[in-house]
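Peer 1:
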Amino acid sequence: MKIDSNYYDKKLNFTPTSSVDSFNQKDDYNFRFGSHSSFKTATNDVQMLDSSTTAKSENYNYTDGYGLINAADAVSKAAGKKTFADVPNLGGNNWGADLVKAPSAWAKGYTGKGVVVAVVDTGVDRNHDDLKDNIWTNSKEIANNGKDDDGNGYVDDVYGWNFDGNNNNTLDVAGHGTHVSGTIAGEKNDFGVTGIAYDAKIMPVKVLDDSGSGSYDAIAQGIRYAADNGANVINLSLGGDYPSNALESALKYASSKGAIVVMAAGNDSGLQPGYPAHYADETGIAVGAVDKKNNLANFSNLAGFNPLTYVTAPGVDVYSTLPGNKYASWSGTSMATPHVAGVVALMLSANPNLTDAQVRQILEDTSGNATQASNTSFDNTESMTATASFSASPASTAYSSLSTDSITDIIPNIISFNHTSPITNSNHTFVSSSLWSEFVSDYQETYSIYGNDDSDAESTLKNYREWLSKQNSHTV
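So the sequence shown is numbered by my numbering: it starts at 642 and just counts up by one.
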């Protein structure tokens, strides 16, 4: 769902869509006040960089961040065990669980049991046959007695709270929150869908009304409510173009209470995530969408040049629950986010004491790009030989037989290819992350590319070289 305004007291409207063919609306829900977008061009994004913008890890790149989330590796690391072995795929509509290797964690007994995941959204159909046994209830509250039994400020909040209507009705009419919930904790039975954390509990937190209207203030209140009432994970399949002090404060509050917040990157095909996912440089996790073949969805906002905890997950044609015991396939980063929330729930079922910082680090260390880097062999991957030194004169770096196949992406003013700059006085061979991630103060480097016949790439590299020369970090 998309929120495009900093006028938080105004209402937001959305239009439902359920297929990739409807991406003129960019997501399963589209919230919009006007036509403004903060995601313009590659040039605008590049201009935000400076010499302090260095990658947190060589596994990070500006397109898909740390890559596809891997439950087998993440949960095993959370549990302090060796990587879990692969198990047979479930197949069919559960392809998303297969792609993130959730069954490998299940096989070791990690199913999300004991973990509460708050779905801050349009509500949840708690009566759905695939969800009803996995709905969180406030055990300290007596239903329908008109009293605030637990003293948390909300009367009869047995099934969460509705921050749009300021009441205890958290049922979902729109369907978005119910679809998200099925991906997280759909029950493991003989029908429907199996959630990534199928033994976790869903806490319904309704921040949007039945027509899809709401406010950033309501979302921030919903985050705080979830954190205060025992949510271990908070799913935010929503976002917008503008920063929000209220949202940022709520995220930090949730982290201080031990909750892990998982946020949709957005669906504008932008070069950086929207908000609140943009805050994943400090807390929480941003999520981009991929298809069944692990290709980044064309609508998914990229990770961006400012490194943040960004991973990817299935978000194209995801089959899940809808109100009234129905099911449908929807697409969007809204659908990718609950896959990651589910994996985090599995991690917490393996190690309940993990902090936000620890979860983020584990995901950065175990997601797809890290796995690929650790499995790289110089026998089957094009290698690059480099020489560099700290000196008054520019060092020289040569790429061995670099071809256009080595270029991973070309967009205006930016060229990306697999390489990490050396920072010692010796020869090195590198197969690692992209050029832009290296910015070393007072260090100059000269690159030579061989075997590249792509004139567009050459022109792009020339523009990139000219830009970098102005940053006083590299001479390229």
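Ideal Cβ placement from N, Cα and C applies to all residues, glycine included.
Beta carbon of T763, beta carbon of G818: below 7 Å?
Peer 2: As a position in the sequence shown, residue 763 is number 122, starting the count at 1. As a position in the sequence shown, residue 818 is number 177, starting the count at 1. Their beta carbons are under 7 Å apart, which means T763 touches G818 by this criterion.
Peer 1: Tell me which residues share the same chain as V821 and place their Cβ nearer than 8 Å to its Cβ, disregarding the 5 neighbours each side in the sequence.
Peer 2: Taking the sequence shown and counting its residues from 1, the one referred to as residue 821 is at position 180. Contacts found: V760, D762, N876, S878, S961, S975, M976, T978, P979.
Peer 1: State the CB to CB distance for the pair D997 and G925, rounded to an integer number of angstroms; the pair is presumed to be in contact (CB under 8 Å).
Peer 2: Position 356 of the sequence shown, counted from the start, is the residue given in the question as residue 997. Position 284 of the sequence shown, counted from the start, is the residue given in the question as residue 925. Contact flag correct, Cβ pair sits at about 7 Å.
Peer 1: If you run the structure through DSSP and keep just helix, strand and coil, what is W777?
Peer 2: The count along the sequence shown starts at 1 and reaches residue 777 at position 136. Coil, per DSSP.
Peer 1: For I1003, report the span of its alpha helix (DSSP H) as first-last.
Peer 2: The residue labelled residue 1003 in the question sits at position 362 within the sequence shown. Its alpha helix (DSSP H) spans residues 997–1007.
Peer 1: To the nearest angstrom, how far is the alpha carbon of S745 from that of A900?
Peer 2: Counting from 1 along the sequence shown, the entry for residue 745 is found at position 104. Counting from 1 along the sequence shown, the entry for residue 900 is found at position 259. When rounded, the distance between both Cα atoms is 25 Å.
Peer 1: Given A715, which residues of its chain have a CB within under 7 Å of its CB, disregarding the five upstream and five downstream residues?
Peer 2: The sequence position of residue 715 within the sequence shown is 74, counting from 1. Same-chain partners within the cutoff: V984, M988, I1003, L1004, T1007.
Peer 1: Report the partner residues of Y960 according to the DSSP bridge assignment.
Peer 2: Counted from its first residue, the sequence shown places residue 960 at position 319. In DSSP, Y960 forms a bridge with S970.
Peer 1: Nearest CA to the CA of E699: which residue from Y968, F946, S896?
Peer 2: Position 58 of the sequence shown, counted from the start, is the residue given in the question as residue 699. Ranking the options by Cα distance to E699, first place goes to F946.
Peer 1: Check each candidate in G737, D932, R1001, A991 and name the one with the smallest Cα separation from Y920.
Peer 2: Your numbering for residue 920 matches position 279 in the sequence shown. Among G737, D932, R1001, A991, the Cα nearest to that of Y920 belongs to R1001.
Peer 1: Going by DSSP in three states, D858 sits in which element: helix, strand or coil?
Peer 2: Position 217 of the sequence shown, counted from the start, is the residue given in the question as residue 858. Reduced to three states, the DSSP call for D858 is helix.
Peer 1: Name the residue from N886, D909, A743 whose alpha carbon lies nearest to the alpha carbon of P917.
Peer 2: Walking along the sequence shown from the start, residue 917 turns up at place 276. Taking only the C-alpha atoms, the option nearest P917 is N886.
Peer 1: Can you tell me where the alpha helix (DSSP H) with Y894 in it begins and where it stops?
Peer 2: For the purposes of this step, residue 894 is taken as residue 253 along the sequence shown, with counting starting at 1. Segment 886–897, the alpha helix (DSSP H) holding Y894.
Peer 1: Within its chain, find whatever has a CB closer than 6 Å to the CB of I776; leave out the 5 residues flanking it on each side and keep chain order.
Peer 2: On the sequence shown, position 135 is the one that residue 776 refers to. Closer than 6 Å at Cβ, skipping near neighbours: R767, I843.
Peer 1: If I'm right that K754 touches N711 with Cβ under 8 Å, what's the distance once you round it to whole angstroms?
Peer 2: Your numbering for residue 754 matches position 113 in the sequence shown. Your numbering for residue 711 matches position 70 in the sequence shown. No, K754 and N711 are not in contact; Cβ-Cβ is about 21 Å, not under 8 Å.
Peer 1: Can you tell me which of N873, L731, G750 puts its alpha carbon nearest to the alpha carbon of N994?
Peer 2: Position 353 of the sequence shown, counting from 1, holds the residue named residue 994. The candidate whose alpha carbon is nearest that of N994 is N873.
Peer 1: Taking contact to mean 3 or more Cβ pairs, one atom from each stretch, closer than 8 Å, check whether the region 726–741 and the region 793–810 are in contact.
Peer 2: The region 726–741 vs the region 793–810: no contact.
Peer 1: For V984, which residues does DSSP report across the bridge?
Peer 2: On the sequence shown, position 343 is the one that residue 984 refers to. Partner(s): none; V984 has no beta bridge.
Peer 1: Please name the residue or residues paired with A954 in a DSSP beta bridge.
Peer 2: Mapped onto the sequence shown, residue 954 falls at position 313. Bridge partners of A954: A930.
Peer 1: Do you know offhand how far S780's Cα is from V799's?
Peer 2: On the sequence shown, residue 780 is found 139 positions in, with the first residue counted as 1. On the sequence shown, residue 799 is found 158 positions in, with the first residue counted as 1. One C-alpha to the other measures close to 7 Å.
Peer 1: Check whether the Cβ atoms of A938 and Y751 sit closer than 7 Å, and answer yes or no.
Peer 2: Numbered from its first residue, the sequence shown carries residue 938 at position 297. Numbered from its first residue, the sequence shown carries residue 751 at position 110. No; because the gap between Cβ atoms is not below 7 Å, this pair is not in contact.
Peer 1: List the endpoints of the continuous beta strand (DSSP E) containing D762.
Peer 2: Taking the sequence shown and counting its residues from 1, the one referred to as residue 762 is at position 121. It spans 757–762 - the beta strand (DSSP E) in which D762 sits, taken as one unbroken run.
Peer 1: Using DSSP bridges, identify the partner residues of G706.
Peer 2: The residue you call residue 706 lines up with position 65 of the sequence shown. DSSP lists N702 as partners of G706.
Peer 1: To test your reading of the DSSP string, which unbroken alpha helix (DSSP H) runs of 4 or more residues are found completely within the region 777–844?
Peer 2: Correct list: 817–826.
Peer 1: In three-state terms, what does DSSP make of N905?
Peer 2: Along the sequence shown, one-based indexing puts residue 905 at 264. Sequence check: residue 905 is Ala here, not Asn. Three-state DSSP puts A905 in a strand.
Peer 1: With a cut-off of 8 Å on the beta carbons, I'd call A927 and L949 a contact; round off their distance for me.
Peer 2: Against the sequence shown, residue 927 aligns to sequence position 286. Against the sequence shown, residue 949 aligns to sequence position 308. Confirmed, about 6 Å.
Peer 1: So for I1051, helix, strand or coil by DSSP?
Peer 2: The count along the sequence shown starts at 1 and reaches residue 1051 at position 410. Only weak support exists for where I1051 lies, its pLDDT of 41 falling under 50; the coordinates are left without a value.
Peer 1: Determine the extent of the alpha helix (DSSP H) in which K714 is found, giving its start and end residues.
Peer 2: Locating residue 714 in the sequence shown gives position 73, counting from the first residue. Note on identity: in this sequence residue 714 is Asp, with Lys being the wrong assignment. Here the alpha helix (DSSP H) through D714 covers 712–720.
Peer 1: I'd like to confirm the pairing. Which residues does DSSP put opposite V846 in its beta bridges?
Peer 2: Sequence index remark: in the sequence shown, residue 846 carries index 205 (1-based). DSSP lists V761, W802 as partners of V846.
Peer 1: In the DSSP assignment, what residue or residues form a beta bridge with V874?
Peer 2: Looking up residue 874 in the sequence shown gives position 233. In the DSSP output, where bridge partners are listed per residue, V874 has V758, I901.
Peer 1: Between N908 and V846, what straight-line distance do the alpha-carbon atoms span, to the nearest angstrom?
Peer 2: One-based indexing of the sequence shown puts residue 908 at position 267. One-based indexing of the sequence shown puts residue 846 at position 205. Approximately 23 Å, taken between the alpha carbons.
Peer 1: Pick helix, strand or coil for Y751, following the three-state DSSP scheme.
Peer 2: Translated into the one-based positions of the sequence shown, residue 751 becomes position 110. Three-state result, Y751: coil.
Peer 1: Take A982 and list the residues in its own chain whose beta-carbon comes closer than 6 Å to its own, dropping the five residues that flank it on each side.
Peer 2: Residue 982 sits at position 341 when you count from the first residue of the sequence shown. Answer for A982: V758, I825, V874, N876, V903, listed in chain order.
Peer 1: Just tell me which of R865, K773, N793, D774 has its CA closest to the CA of E782.
Peer 2: As a working mapping, residue 782 is identified with position 141 in the sequence shown. Closest option to E782, Cα to Cα, is N793.
Peer 1: Would you check if the distance between the CB atom of A954 and the CB atom of S941 is smaller than 7 Å?
Peer 2: Residue 954 sits at position 313 when you count from the first residue of the sequence shown. Residue 941 sits at position 300 when you count from the first residue of the sequence shown. Taking 7 Å as the Cβ cut-off, A954 and S941 do not qualify as a contacting pair.
Peer 1: Give the single residue among N735, V952, G733, N935 whose Cα lies nearest to the Cα of D586.
Peer 2: For the chain, the structure presents residues 642 to 1117; residue 586 sits outside this window and is missing.
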